[in-house]
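Enquirer:
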Amino acid sequence: MIEESLAAFLDPVDPSKTMEGHPAPLRAIMVAKKV
246 MIEESLAAFL DPVDPSKTME GHPAPLRAIM VAKKV
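Numbering of the sequence shown is given in the working numbering, commencing with residue 246 and proceeding in unit increments.
1) Less than 8 Å between the CB atoms is what I'm expecting for Ala269 and Lys262, so what's the real figure, rounded?
2) Going by C-alpha distance, which of Glu249, Ser250, Phe254, Ile247 is nearest His267?
3) For a test of the three-state rule: what should DSSP assign to Leu255, helix, strand or coil?
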């Protein structure tokens, strides 16, 4: 499987949507700390 960047799947005119017109995925970073 060839890996491609998220940018390759986003609409070049409207990056808030995918090429198919679906909403673009959200990215998040979560940091956990054991207390």
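Note that CB positions come from ideal geometry on N, CA and C, so glycine has one too.
Expert: On the basis of the supplied data:
1) Rounded, the Cβ-Cβ distance is 6 Å, consistent with contact.
2) Of the candidates Glu249, Ser250, Phe254, Ile247, the one whose C-alpha sits nearest the C-alpha of His267 is Phe254.
3) DSSP places Leu255 in strand when its eight states are reduced to three.
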